[in-house]
Structure formats: structure tokens, C-alpha cells
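Some notes on the structure that comes next.
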Amino acid sequence: MSMDRYLKHWAVATAVLVLGALALNLLVDPLWYGRGNRLTGRNYEFNERVSKANLFLQDPARYDCLILGSSTSTIVHPSLLAPHRCLNLAFSAGVVGEFLAYARWLRAQGARPSLVIVGTDFVNFDPRVDAQVDVPDFVARSEAPPPRWKSYLSLDALLWSVLAVLDQSPYPKFYDERFEVVIRPDAGTFDPESVWLPPRVLDPARVARFGELRGLFPEARFIGWMPPLSAWHVAELERAGMLPDYLRCLHALTSVLDEVHDFAVPSDVTSRTGNTYDGRHYGNEVNARVTRRLAGHADGFGVQVSGLSLEAYRALYAEGLRSFRAGGQASPSAPVSGSPVP
Numbered sequence: 001m002s003m004d005r006y007l008k009h010w011a012v013a014t015a016v017l018v019l020g021a022l023a024l025n026l027l028v029d030p031l032w033y034g035r036g037n038r039l040t041g042r043n044y045e046f047n048e049r050v051s052k053a054n055l056f057l058q059d060p061a062r063y064d065c066l067i068l069g070s071s072t073s074t075i076v077h078p079s080l081l082a083p084h085r086c087l088n089l090a091f092s093a094g095v096v097g098e099f100l101a102y103a104r105w106l107r108a109q110g111a112r113p114s115l116v117i118v119g120t121d122f123v124n125f126d127p128r129v130d131a132q133v134d135v136p137d138f139v140a141r142s143e144a145p146p147p148r149w150k151s152y153l154s155l156d157a158l159l160w161s162v163l164a165v166l167d168q169s170p171y172p173k174f175y176d177e178r179f180e181v182v183i184r185p186d187a188g189t190f191d192p193e194s195v196w197l198p199p200r201v202l203d204p205a206r207v208a209r210f211g212e213l214r215g216l217f218p219e220a221r222f223i224g225w226m227p228p229l230s231a232w233h234v235a236e237l238e239r240a241g242m243l244p245d246y247l248r249c250l251h252a253l254t255s256v257l258d259e260v261h262d263f264a265v266p267s268d269v270t271s272r273t274g275n276t277y278d279g280r281h282y283g284n285e286v287n288a289r290v291t292r293r294l295a296g297h298a299d300g301f302g303v304q305v306s307g308l309s310l311e312a313y314r315a316l317y318a319e320g321l322r323s324f325r326a327g328g329q330a331s332p333s334a335p336v337s338g339s340p341v342p
């Protein structure tokens with residue numbers, strides 16, 4: 001074969017491979033530039049920090065509500081918060097420094113929400129989490145994300161698309177066609193024997209970080225919430241001597257946010273093992289109850305901290321732990337998986 005013919009065949013083969021990869025990436029849409037995965041309808045969290053920014057930019061004027069937080073906030077379903085039109089911009093391992101960076105970026109893109117719901121996981125009161133801040137360059141510079149064609153000509157995007165088609169995700173959840181989280185049927189069941197929490201210094205003064213966040217959207221109503229945490233984790237917080245500071249920190253949020261809800265107070269829900277796969281991330285039914293409570297609907301799950309004295313708040317945890325310990329083994333529960341409650 002002559003060199004010219006070889007080069008021609010090589011160019012054709014390369015073009016076919018590149019165009020094929022681009023076509024697959026456009027169909028699977030792993031970074032959510034469009035409608036998401038049109039092959040299976042399951043969208044995986046390969047890069048939530050980028051994909052959720054892309055989702056927002058599809059129609060920035062649509063949203064009057066923002067949801068910020070870590071993976072424990074990704075479970076909040078915007079569809080259950082109607083008539084608000086919410087964007088869930090929570091992402092795995094998110095910390096308050098990143099919420100601030102994204103809030104600045106969103107504001108630069110024209111976002112003016114009337115409601116902001118922010119996950120207040122207690123780890124945010126450890127000053128060391130500021131070292132975890134990891135936002136894309138375009139967020140730090142208040143720019144647009146890379147264009148679709150550029151992202152979808154990358155090998156990373158191709159790998160994500162192939163994994164999505166093969167239903168090979170390292171996470172026990174996925175996003176549906178509405179980009180709302182669904183816990184996978186094979187998520188597993190929580191083993192309380194594995195509970196361990198790293199030692200942390202929790203500083204109530206860190207509430208100022210959430211005050212900074214509120215200052216970026218002064219016209220918005222701010223609702224903070226502590227996601228569900230298993231009673232075993234709360235008992236470990238007490239054993240490790242962190243519970244008093246934990247409670248002081250969460251209660252301090254009432255000074256800067258309009259509402260604060262706590263779903264980690266030991267209860268019948270958090271004293272079970274079958275409704276969570278790790279004691280921190282709960283199943284679809286529990287997640288729907290959380291969202292409805294945040295939307296203002298009556299539900300016996302969770303406590304509104306706003307209006308409680310610190311002493312009364314402490315008493316709720318003390319009573320919850322007493323009831324949990326008196327109950328012995330975890331009670332039976334519904335499975336983790338299943339469709340969200342309509």
C-alpha cells in the first residue's frame with residue numbers, strides 16, 4: 001500500500017472514530033448540555049460540578065429557586081417544590097466554600113432566586129473543609145463552561161458515555177429524565193457496625209460562611225437543613241464528644257437563615273437500617289418526605305430548629321438517643337429502593 005493510500009485510510013478511520021465518539025456523547029449527553037441520556041434515560045453523576053452548571057445555562061431565566069449542598073442534598077426533588085421552579089445544584093462532597101463560589105457564578109449569570117435551600121451538613125463547621133474547595137476554572141472566573149463540541153470530543157466524555165450505556169456507575173443512585181435522583185434497587189442496606197466518624201473540631205463561628213452565602217442573594221428566603229443521619233452516627237458523635245459542638249453549630253444557623261430544619265434528630269426513621277445504604281443517604285420514600293417538609297407540608301419527620309432554645313434543642317437529641325437505646329435493635333423498615341412517593 002502506498003503512503004498516500006495509507007494516509008487516506010488512516011484519515012478516514014480517524015474521522016469515523018471521532019464522529020462516532022461524538023455521536024455517542026451527544027446521545028448520552030453525560031455533561032447535561034441538553035436532554036441527558038436519550039438511550040437509557042439514566043443520567044449518572046460523572047461530573048456534577050460541570051453538568052449542573054450546564055443544566056442551569058439551558059434556561060437561566062426559568063429558575064426562581066436554588067438548592068445547594070453536598071450529595072445528601074442531591075436527593076431534594078425540585079418537582080415536589082412547585083410552584084417554585086428549583087435548580088438542584090448540589091454535588092457530591094460539596095462544602096460551603098464551594099456553595100459560595102457557585103452562588104457568585106450564578107449571580108454573575110443573572111440568577112436572582114426568591115428561595116434558596118442549603119444543606120448544612122455538620123462537616124461545614126470544621127474549618128479544615130475549606131481546603132476541600134474544588135470548583136471548575138470557569139466557575140472561579142465567572143465564565144461559561146467549555147462548549148459542547150469541545151467537551152464531547154474528549155476521551156473522558158467517551159468513557160462516561162460508554163459506562164452509562166453499560167449501566168456501570170460507581171454510585172448507588174442515578175438521575176432520571178427530569179434530572180432528579182433515584183436510589184438504585186441494588187443500593188444495599190446500611191450496616192451500623194461500620195459506623196466511624198473522624199474527629200473534628202466544630203466551630204459555631206463558621207455560621208458566618210452561611211451568612212456570606214445569604215448576602216449574595218439578599219432578596220431570597222433561605223432555608224437551611226441538616227440531612228438525615230442515622231441514630232448510630234449521632235450516638236457516635238456523642239461518644240466522641242462532638243455532639244455538644246454539633247448542636248451549638250446547627251442552632252447558630254438560626255441567627256442567619258430564615259428557617260432551619262434538622263432531620264438527624266434520632267427518630268423512628270433514622271433508627272432503621274433498611275431505608276438507607278450508608279446511614280447518611282436515604283431511600284426514595286424518606287427523600288420525598290424531606291422535600292415535602294422543606295416545601296412547608298406537615299410531616300412528623302424532622303424538627304424545625306428555628307424558634308427552639310438551645311436547651312430545648314439539646315433535650316430533643318437527648319430524648320431521641322434515649323428512645324433509640326431503649327429500643328435495642330433497629331426496627332423493620334421499607335426497602336431503600338422504589339419510586340418516589342407521588
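The sequence shown: position 64 = 64 (UniProt numbering), numbered continuously.
Ideal Cβ positions, reconstructed from N, Cα and C, are used throughout, including at glycine.
Hey, does residue i have any beta-carbon neighbour from chain C nearer than 8 Å?
i	result
Gly224	No chain C is present in this structure, which holds just one protein chain.
Specify the secondary structure class of residue i as computed by DSSP and reduced to three states.
i	result
Trp225	strand
Gly119	strand
Tyr282	strand
His261	strand
Phe179	coil
Leu66	strand
Asn54	helix
Arg272	strand
Phe99	helix
Asn287	helix
Leu87	strand
Gly338	Legend: pLDDT at Gly338 = 37, less than 50; position of this residue unreliable, value from coordinates given subsequently. Three-state result, Gly338: coil.
Asn25	helix
Phe174	strand
Val76	coil
Val165	helix
Gln329	For Gln329, the predicted model reports a pLDDT of 42, less than 50, meaning its position is unreliable and no value from the coordinates is stated.
Leaving out five residues on either side along the sequence, give the residues of the same chain with a beta carbon under 6 Å from the beta carbon of residue i.
i	result
Ser323	none
Leu87	Phe56, Tyr63, Leu66
Trp32	Ser51, Asn54, Leu55
Ser230	Thr270, Gly279
Val135	Glu98, Ala101
His77	Glu180, Thr291
Pro332	Only weak support is given to the placement of Pro332: the predicted model assigns it a pLDDT of 33, under 50, and the value that follows is read from those uncertain coordinates. Excluding sequence neighbours, Pro332 sits near nothing in its chain.
Phe122	Tyr246
Val341	Its pLDDT being 31, under 50, Val341 is placed unreliably in this model, and the coordinates cannot settle the point.
Glu236	Val195, Leu197
Arg293	Asp299, Gly302
Ala326	none
Figure out for me which residue from the options has the closest Cα to the Cα of residue i.
i	options	result
Ala101	Pro83, Gly215, Leu158	Gly215
Trp232	Arg107, Leu321, Gly119	Leu321
Tyr277	Ala157, Pro192, Ala111, Arg49	Pro192
residue 347	Asp59, Leu316, Pro204, His297	In the structure displayed, the chain extends from 1 to 342; residue 347 sits before or after that span and is not available.
Leu247	Ala312, Pro30, Leu106, Pro145	Ala312
Arg128	Asp245, Arg272, Arg206, Pro113	Arg206
Ser194	Gly241, Leu153, Phe210, Thr273	Thr273
Asp268	Glu48, Pro218, Phe222, Glu319	Glu319
Glu238	Leu197, Pro218, Leu250	Leu197
Pro228	Arg209, Val303, Gln168	Val303
Gln168	Ala315, Pro147, Asp299, Asp186	Asp186
Arg221	Glu45, Pro113, Leu106	Pro113
Leu316	Thr72, Ser154, Leu106, Asp262	Asp262
Ala23	Ala264, Arg148, Ser73, Leu308	Arg148
Ala208	Leu106, Glu219, His251	His251
Phe125	Cys249, His297, Gly327, Ala264	Cys249
Gly224	Ser71, Val28, Leu27, Asp258	Asp258
Ala131	Pro218, Leu106, Val96, Ala144	Val96
Kindly list the residues whose CB is nearer than 8 Å to the CB of residue i, restricted to its own chain and excluding five residues on each side of it in sequence; keep chain order.
i	result
Leu68	Leu89, Ala90, Gly94, Phe99, Tyr102, Ala103, Val116, Ile117, Val118, Gly119, Leu213
Asp176	Gly41, Arg42, Asn43, Val182
Which residues in the same chain as residue i place their Cβ atom closer than 7 Å to its Cβ, once the five residues preceding and following it in sequence are excluded?
i	result
residue 362	Lying outside 1 to 342, the shown extent of the chain, residue 362 is not represented and no answer is given.
Ala108	Ser142
Arg178	Ser79
Ala157	Asn25, Pro30, Leu31, Ser151
Ala295	Leu80, Leu81
Met242	Arg200, Leu202
His84	Asp64, Cys65, Leu115
Phe190	Ser230, Thr273, Thr276, Tyr277, Asp278, Gly279
Val48	The sequence shown places Glu at residue 48, rather than the Val named in the question. Contacts found: Phe91, Ser92.
Arg314	Leu247
Open item on the list: Below 8 Å, how does it come out for the segment 29 to 47 and the segment 157 to 171: are there three or more Cβ pairs, yes or no?
Closed with: The segment 29 to 47 vs the segment 157 to 171: in contact.
- [ ] Scan the segment 104 to 150 and note each continuous beta strand (DSSP E) run of 3 residues or more that stays entirely inside, going in chain order.
- [x] Complete beta strand (DSSP E) runs here, min 3: 115 to 119.
Open item on the list: Give the list of continuous alpha helix (DSSP H) stretches no shorter than 4 residues that lie fully inside the segment 192 to 241.
Closed with: List check, alpha helix (DSSP H) in window: 207 to 216, 231 to 239.
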